[in-house]
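Participant: There's a structure below that I have some questions on.
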Amino acid sequence: MKLITAVVKPHRLDEIKEALQAFGVHGLTVTEASGYGRQRGHTEVYRGAEYTVDLVPKVRIEVLVEDDDAEQLVDVVVKAARTGKIGDGKVWTIPVETAVRVRTGERGPDAL
Amino acid sequence: MKLITAVVKPHRLDEIKEALQAFGVHGLTVTEASGYGRQRGHTEVYRGAEYTVDLVPKVRIEVLVEDDDAEQLVDVVVKAARTGKIGDGKVWTIPVETAVRVRTGERGPDAL
Amino acid sequence: MKLITAVVKPHRLDEIKEALQAFGVHGLTVTEASGYGRQRGHTEVYRGAEYTVDLVPKVRIEVLVEDDDAEQLVDVVVKAARTGKIGDGKVWTIPVETAVRVRTGERGPDAL
Ligand SMILES: Nc1ncnc2c1ncn2[C@@H]1O[C@H](COP(=O)(O)OP(=O)(O)OP(=O)(O)O)[C@@H](O)[C@H]1O
Ligand SMILES: Nc1ncnc2c1ncn2[C@@H]1O[C@H](COP(=O)(O)OP(=O)(O)OP(=O)(O)O)[C@@H](O)[C@H]1O
Ligand SMILES: Nc1ncnc2c1ncn2[C@@H]1O[C@H](COP(=O)(O)OP(=O)(O)OP(=O)(O)O)[C@@H](O)[C@H]1O
Ligand SMILES: [Mg+2]
Ligand SMILES: [Mg+2]
Ligand SMILES: [Mg+2]
């Protein structure tokens, strides 16, 4: 399994949820975060206001997926998150060794 | 070392802390999160209220552990988090390459 | 690539941002967190107040970096985070398989 993490613009969350759902992904975890990328010190627009790029609000989305789906799902998330403007964010994948569904104790891909 | 991440019902946090303590685990990190699993669109009960399962509040717990303890500690966390009702959450493990205790500079298992 | 995660005292964030910037690192993600280490049950001072060490506020910083920079950057973060007092935190690294810059679709080190 893999863990896909996406740090993206908050207003793209619904788009990402729908794109994952359409692909057949059944769960995700969201955390509020903030950050900056390469434009630190310049300005980025968020909700009509200009921010000097120093800890602009983002959402951090985590999705546990099967190995075989990971590459395609990264593309799904990237496409759904994209606005074409600076600050669109980063998506990365990390290897996961064990995953368990707490209620049932199922492990591995069955846990997802 | 491994990083165990658990996304679970907030009211299970104390139970999980006590179970880890009993095992001899000395630290953890908690973040507020929200999410959904397979029942998205159906309802999940949280603090007596029914939520349509779309971003129900969860806590995200991280525990850095030694390799040899990881498997058993996943079971400890799963057991402490379980209520038997939908939405009990997920627990997963990720490989960790380096860990440092900031105050002392100790590395590896000594850093935990 | 690697993901460096640091869970540290909130008032060290600016110091860490400046140290990363000086090294040439262009981005980071911050999440509010809380936690405890080995002193659970004892007291830790935060903003002049003593906390019984049970979920003291921390910041959780994530930095995606190139493999060749990871080891040195861990030292940079550790040094910038250190106050010498208990509760200074932990820094750890995780392997990253894919990273994408959302706006451009660039992958790998070019995405950072
Ligand atoms: N190296 C990094 N490590 C961790 N998080 C990062 C990194 N770079 C960016 N981020 C996160 O992604 C968010 C958006 O970054 P951003 O899209 O501005 O990156 P960028 O490389 O500057 O791309 P762009 O040129 O399209 O703006 C930041 O607010 C931060 O939370
Ligand atoms: N695939 C996933 N990726 C990331 N986080 C997930 C995933 N599935 C679930 N989660 C997180 O775990 C929390 C609880 O999920 P949940 O226990 O409802 O999963 P489930 O598979 O539907 O299990 P159950 O049938 O027992 O409800 C969610 O709110 C979400 O934060
Ligand atoms: N094993 C662990 N797993 C996950 N997070 C941890 C762990 N240990 C500590 N942390 C996180 O790091 C923060 C600071 O921990 P702390 O620096 O007190 O560790 P410590 O080992 O007790 O070191 P010190 O003796 O210098 O206080 C905690 O609040 C928690 O968020
Ligand atoms: Mg940018
Ligand atoms: Mg569910
Ligand atoms: Mg401590």
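Chains as they are written, first to last, in full-length UniProt numbering: chain F, 1 to 112; chain A, 1 to 112; chain U, 1 to 112. Beta carbons: idealized from backbone N, C-alpha and C, even for Gly.
(1) Is it true that the CB of F:L3 sits closer than 8 Å to the CB of F:T93?
(2) Just to confirm the assignment: which complete alpha helix (DSSP H) runs, minimum length 4, are found wholly within the stretch 11 to 89 of chain A?
(3) Hey, is U:H26's beta-carbon within less than 8 Å of any beta-carbon in chain F?
(4) Counting contacts by CB-CB distance shorter than 8 Å, is U:L64 in contact with chain F?
(5) Could you check if A:Q39 belongs to the surroundings of ligand 5, using beta carbon to heavy atom distance under 7 Å?
(6) Give the residues from the stretch 27 to 42 of chain F that approach chain U closer than 8 Å (Cβ to any Cβ), ordered along the chain.
(7) DSSP beta-bridge partners for residue 153 of chain U?
(8) Just tell me which of U:P109, U:T29, U:V77, U:G48 has its CA closest to the CA of U:L20.
(9) At which residues does the beta strand (DSSP E) containing U:V100 begin and terminate?
(10) So, does the CB of A:K17 fall closer than 8 Å to a CB anywhere in chain F?
(11) Name, in chain order, the residues that DSSP records as bridge partners for F:L3.
(12) Mind checking A:D88: buried by the 16 CB within 10 Å criterion, or exposed?
Facilitator: Here's the rundown:
(1) yes
(2) 13 to 23, 67 to 81
(3) yes
(4) yes
(5) yes
(6) T31, E32, A33, S34, G35, Y36, G37, R38, R40
(7) Outside the shown range of chain U, which is 1 to 112, sits residue 153 of chain U, and nothing can be said about it.
(8) U:V77
(9) 98 to 101
(10) no
(11) F:L64, F:I94
(12) buried
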